[in-house]
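Data first, discussion second: the structure below is written as structure tokens.
There are 2 protein chains.
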Amino acid sequence: MTDQQVVAVYDIESWLPPAQAAGVLAGEQSTGTFVRVPGESDALRERFGATVLDVTGLPGSGNTPLPGAVRPPGAGRRPHRARVRIAFPLHNFGPSVPNLLAAVAGNLFELREMAAVRLVDLELPAAFAGRYPGPAFGTAGTRRLMDAPDNTLIGTIVKPGIGLRLDELRPLVRELAMAGIDFIKDDELNGNPPHAPLPERIKAVNEELDRAADATGRRTMYAFNITDDIGRLEANHDLVRETGGTCVMVCVQAVGLAGVAHLRERATLPIHGHRAMSGALLRSPQIGLGPLVFQKLARLSGVDQLHVGGIAGKFYETDEDVVASVHAMRTPFLGGYEALPVLSSGQWPGIAHRTLELTGTHDLLVLAGGGIHAHPLGPAAGVAAMRAAWRAAAEGESLAEAAAHDRALALAVERFAGIRG
Amino acid sequence: MTDQQVVAVYDIESWLPPAQAAGVLAGEQSTGTFVRVPGESDALRERFGATVLDVTGLPGSGNTPLPGAVRPPGAGRRPHRARVRIAFPLHNFGPSVPNLLAAVAGNLFELREMAAVRLVDLELPAAFAGRYPGPAFGTAGTRRLMDAPDNTLIGTIVKPGIGLRLDELRPLVRELAMAGIDFIKDDELNGNPPHAPLPERIKAVNEELDRAADATGRRTMYAFNITDDIGRLEANHDLVRETGGTCVMVCVQAVGLAGVAHLRERATLPIHGHRAMSGALLRSPQIGLGPLVFQKLARLSGVDQLHVGGIAGKFYETDEDVVASVHAMRTPFLGGYEALPVLSSGQWPGIAHRTLELTGTHDLLVLAGGGIHAHPLGPAAGVAAMRAAWRAAAEGESLAEAAAHDRALALAVERFAGIRG
Chain H
0 MTDQQVVAVY DIESWLPPAQ AAGVLAGEQS TGTFVRVPGE SDALRERFGA
50 TVLDVTGLPG SGNTPLPGAV RPPGAGRRPH RARVRIAFPL HNFGPSVPNL
100 LAAVAGNLFE LREMAAVRLV DLELPAAFAG RYPGPAFGTA GTRRLMDAPD
150 NTLIGTIVKP GIGLRLDELR PLVRELAMAG IDFIKDDELN GNPPHAPLPE
200 RIKAVNEELD RAADATGRRT MYAFNITDDI GRLEANHDLV RETGGTCVMV
250 CVQAVGLAGV AHLRERATLP IHGHRAMSGA LLRSPQIGLG PLVFQKLARL
300 SGVDQLHVGG IAGKFYETDE DVVASVHAMR TPFLGGYEAL PVLSSGQWPG
350 IAHRTLELTG THDLLVLAGG GIHAHPLGPA AGVAAMRAAW RAAAEGESLA
400 EAAAHDRALA LAVERFAGIR G
Chain C
0 MTDQQVVAVY DIESWLPPAQ AAGVLAGEQS TGTFVRVPGE SDALRERFGA
50 TVLDVTGLPG SGNTPLPGAV RPPGAGRRPH RARVRIAFPL HNFGPSVPNL
100 LAAVAGNLFE LREMAAVRLV DLELPAAFAG RYPGPAFGTA GTRRLMDAPD
150 NTLIGTIVKP GIGLRLDELR PLVRELAMAG IDFIKDDELN GNPPHAPLPE
200 RIKAVNEELD RAADATGRRT MYAFNITDDI GRLEANHDLV RETGGTCVMV
250 CVQAVGLAGV AHLRERATLP IHGHRAMSGA LLRSPQIGLG PLVFQKLARL
300 SGVDQLHVGG IAGKFYETDE DVVASVHAMR TPFLGGYEAL PVLSSGQWPG
350 IAHRTLELTG THDLLVLAGG GIHAHPLGPA AGVAAMRAAW RAAAEGESLA
400 EAAAHDRALA LAVERFAGIR G
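Here the protein sequences line up with chains H and C, keeping their order.
Numbering that gives the first Met the number 0 puts the first sequence at residues 0 to 420.
Numbering that gives the first Met the number 0 puts the second sequence at residues 0 to 420.
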């Protein structure tokens with residue numbers, strides 16, 4: 000890759016020979032249309048055409064071909080499958096994420112020649128770093144604001160996710176903060192509902208966190224869900240900051256990558272990126288984006304913390320998928336864009352050892368919702384149990400050994416092991 | 000549906016009994032998590048829980064189940080399939096599209112219980128109309144600006160889509176405008192590339208259109224592709240307007256629905272909504288959104304004109320899909336939100352009769368790219384051939400009869416019939 004190119008990597012299936020299918024994709028996404036037109040000179044194609052760099056055959060997936068896929072008469076039952084790398088000239092779009100998307104992730108998903116087409120990786124030139132500053136805080140900045148320099152970061156989601164009154168939310172936040180939790184977030188379902196306006200939630204929560212911080216000496220980071228129309232994000236962010244808050248959260252797909260980048264330009268607090276709706280783009284092996292692409296684009300757009308699923312989670316990903324995402328999130332691209340992987344979904348203390356073993360890092364923000372709130376002795380004990388499990392994992396003590404001398408942990412194991420294995 | 004509810008319709012597959020699977024979805028997207036938590040009182044569930052309204056069995060799809068779908072021991076080979084309608088209390092999110100998405104199209108796509116899950120329709124209460132004004136122009140406003148009160152609207156895309164110099168673009172625009180074409184648009188691949196900055200393109204094109212309008216008495220509408228970072232959309236729009244332009248285009252997925260709504264609040268020109276990248280969300284029958292949902296949300300966000308594929312197009316949709324989309328686009332929702340369906344992809348004069356017969360309307364903007372530019376006598380003859388074909392279709396004359404007395408049409412048939420059938 001030169002510094003004047005973007006390289007996009009696709010996994011495709013097609014009944015055309017893979018090299019030919021890759022050529023259709025490259026043509027559609029640069030100078031071509033269904034017929035050669037007068038202005039499409041050789042010089043123009045040379046300068047603006049996308050180029051197929053390589054085509055590597057892959058074993059067939061056995062998945063149902065996408066609707067509309069063309070199978071020529073006499074073709075085999077199953078399409079070919081291949082990984083193809085295509086280079087796009089940077090000067091076709093410049094370092095603009097929205098215009099990049101129209102090229103590398105645009106009409107190509109609709110091509111009849113494709114029985115599957117998934118954008119699995121994206122190599123970007125340095126010009127993008129000049130335009131998009133990326134995460135302002137990342138892992139190090141998040142730890143600094145939390146005053147939590149080294150342990151695995153333990154957090155929770157307010158549960159129930161929606162519907163708590165402020166007079167119910169206040170004592171919950173108080174208990175969690177007094178228990179020394181590192182991080183609390185609003186549920187992605189709780190934005191600015193008319194029954195409990197965001198400004199009041201911000202004010203109430205920040206009061207509770209300040210009071211707890213006076214007692215404990217550490218202020219819990221709280222990610223307020225400020226997801227809303229683009230024009231409201233800045234004011235929401237400012238309200239969080241002005242009342243002492245240290246983090247804002249947006250649903251990346253709901254405000255769009257462009258919305259995140261817009262917020263990033265105006266934000267002075269870390270951005271917690273929730274991935275709600277990402278499954279629609281990421282889950283099918285036949286179409287859409289691979290997680291690596293989503294993560295790179297979200298980091299470029301400025302998220303400091305990003306959800307990547309959870310080990311033994313309740314969502315679709317395998318542990319291997321989650322580990323790969325954690326690894327990818329911690330791998331610099333464009334020389335930086337360091338962001339904190341957030342593990343959530345069905346998390347509880349019993350998963351700590353497996354998570355540490357599989358990921359090999361403490362640079363994780365692990366969120367347990369029900370796994371903290373539903374502890375038999377209440378949320379504070381839920382936090383203690385999570386801490387105990389992670390301490391044991393870090394020190395090489397087994398869960399059973401740790402539970403033998405930690406009552407909160409023992410009760411958590413008793414409560415959740417049957418449900419979450 | 001009450002005026003305090005949103006009803007979301009899903010096609011799901013699950014190895015759980017469909018009613019149970021629907022219940023998991025409703026719980027995950029409202030008050031529930033994997034375990035009942037202390038605050039999840041009956042009163043809270045009653046007020047904030049999503050409700051399964053009905054479950055209708057559907058024949059199995061035979062498609063490959065989504066990754067991670069749980070098949071309990073002893074379950075049949077194929078999952079159940081059903082259409083389920085779920086009511087969400089409006090007060091969970093209020094009339095905010097981003098927060099609506101987090102509820103009706105959020106984490107649910109990731110649930111292991113789902114072997115397929117697709118949001119196929121959305122019924123919204125009037126409150127959304129209070130917040131989102133929708134299209135300011137729609138079909139009637141577009142026709143008014145074009146001075147084209149009744150015929151099918153004929154347009155083209157600048158081709159090659161990327162790479163034309165301004166001294167090549169100028170004569171092309173001039174020829175098309177002098178030929179009386181109703182509409183021209185930039186390719187979705189041509190935003191604001193460094194080799195040909197948008198401001199210069201806007202100025203050059205508007206000069207040509209003004210000059211042609213002086214001669215013909217009608218000004219061709221040109222949709223400038225202003226897709227870019229959110230903070231640049233307003234300035235781009237204003238530049239188009241200030242130099243006499245009458246339309247702007249954005250790639251809806253690339254700027255996000257929230258980005259479109261943001262532009263709409265600031266725009267005084269019609270918004271041409273390109274659907275690049277929509278295939279990633281819309282094409283798979285197993286996940287994502289149905290076209291109806293995308294169209295409703297794009298109209299709500301403010302697009303005046305929206306791409307819906309093309310009859311006999313080069314993309315994946317069947318003619319039935321495209322006809323259904325045209326019909327849906329012309330069906331009011333929330334009492335209005337009228338928008339113009341745009342047909343494109345592989346269009347040429349030979350498709351006019353079939354399109355009119357299938358759609359039954361002239362309220363269409365039909366875009367032929369190669370089908371105009373690659374006409375043997377050049378783009379002006381390409382426009383004439385498109386007009387002749389649509390005139391014949393409107394008057395009940397066959398394509399062959401019309402071609403017998405229209406040389407431009409005859410040449411178009413000769414040129415394209417073999418390629419596009």
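Don't be surprised by glycine CBs; every beta carbon is placed ideally from N, CA and C.
Proximity to residue i [Cα-Cα], best of the options
i       : options                               : result
A81(C)  : G359(C), F223(C), A18(C) and Y131(C)  : A18(C)
R329(C) : D318(C), E319(C) and V341(C)          : V341(C)
V382(C) : T215(C), A176(C) and L238(C)          : A176(C)
L107(H) : F92(C), G59(C), L107(C) and E187(C)   : E187(C)
A399(C) : H372(C), A351(C), P148(C) and T360(C) : A351(C)
G160(C) : Q252(H), E39(H), P88(H) and M220(H)   : E39(H)
N235(C) : A266(C), L256(C), A253(C) and A214(C) : A266(C)
A122(H) : G216(H), Q4(H) and A407(H)            : With the sequence shown as reference, residue 122(H) is identified as Glu, and Ala is not the correct amino acid for it. The shortest Cα separation from E122(H) among G216(H), Q4(H) and A407(H) belongs to Q4(H).
A338(C) : N205(C), R44(C), L364(C) and G377(C)  : L364(C)
F314(H) : P331(H), V119(H), P148(H) and G278(H) : G278(H)
T358(H) : T151(H), A139(H) and L118(H)          : T151(H)
A379(C) : L165(C), P170(C), A7(C) and F87(C)    : P170(C)
R200(C) : F182(C), G105(C), D181(C) and A222(C) : A222(C)
G258(H) : V34(H), V96(H), E12(H) and A74(H)     : V96(H)
L52(H)  : P64(H), V36(H) and Y9(H)              : Y9(H)
G243(C) : V204(C), G216(C) and L280(C)          : V204(C)
R173(C) : V83(C), R210(C) and D146(C)           : R210(C)
Q304(C) : L296(C), A311(C) and I310(C)          : L296(C)
R164(H) : R142(H), E319(H), N191(H) and M276(H) : N191(H)
Within chain C, partners of residue i - CB distance below 9 Å
i       : result
A399(H) : Simply none; closest approach about 22 Å.
The beta strand (DSSP E) enclosing residue i, as first and last residue numbers
i       : result
V119(C) : A115 to E122
I286(C) : I286 to L288
V341(H) : L339 to L342
Opposing strand residues paired with residue i [DSSP bridges]
i       : result
K184(C) : I156(C) and A222(C)
A86(H)  : V6(H) and T50(H)
G272(C) : V249(C) and L305(C)
F314(H) : L110(C)
A81(C)  : I11(C) and G56(C)
F293(H) : F293(H) is not bridged to any residue.
G255(C) : BP columns for G255(C) are empty, so no partner.
G67(C)  : In DSSP, G67(C) forms no bridge with anything.
Buried or exposed (CB count within 10 angstroms, at least 16 for buried), residue i
i       : result
T1(C)   : exposed
A125(H) : exposed
G61(C)  : exposed
H404(H) : exposed
I418(H) : exposed
A416(C) : exposed
Run of the alpha helix (DSSP H) containing residue i, from where it starts to where it stops
i       : result
I161(C) : First-last for I161(C): undefined, no H or E at that position.
P198(H) : L197 to T215
L57(C)  : Unbroken run through L57(C): none, as it is neither H nor E.
V96(H)  : V96 to V103
V382(H) : P378 to E394
L238(C) : I229 to E241
L281(H) : S277 to L281
L398(H) : L398 to A403
L364(H) : Element bounds for L364(H): not the alpha helix (DSSP H) but the beta strand (DSSP E), L364 to L366.
I350(H) : Per DSSP, I350(H) belongs to no alpha helix (DSSP H) and is neither H nor E.
R142(C) : G137 to M145
Chain H contact residues for residue i, given Cβ-Cβ distances below 9 Å
i       : result
N191(C) : F92, G93, S95 and N98
Listed by chain order, chain C residues near residue i by CB distance under 7 Å
i       : result
G368(H) : T32
L43(H)  : P159 and G162
D227(H) : S95, P97 and N98
Chain-ordered chain B contacts of residue i [CB-CB under 9 Å]
i      : result
P66(H) : The structure shown contains no chain B; its protein chains are H and C.
Cβ-heavy atom distance, residue i to the ligand ZN, below 7 Å
i       : result
G368(C) : Of ligands this structure carries none, so the ligand ZN is not represented either.
Contacts of residue i in chain C (Cβ-Cβ under 8 Å)
i      : result
V36(H) : K158, P159, G368, G369, H372 and A373
Chain-ordered chain H contacts of residue i [CB-CB under 8 Å]
i      : result
S13(C) : In chain order: nothing, as chain H lies at least about 13 Å away.
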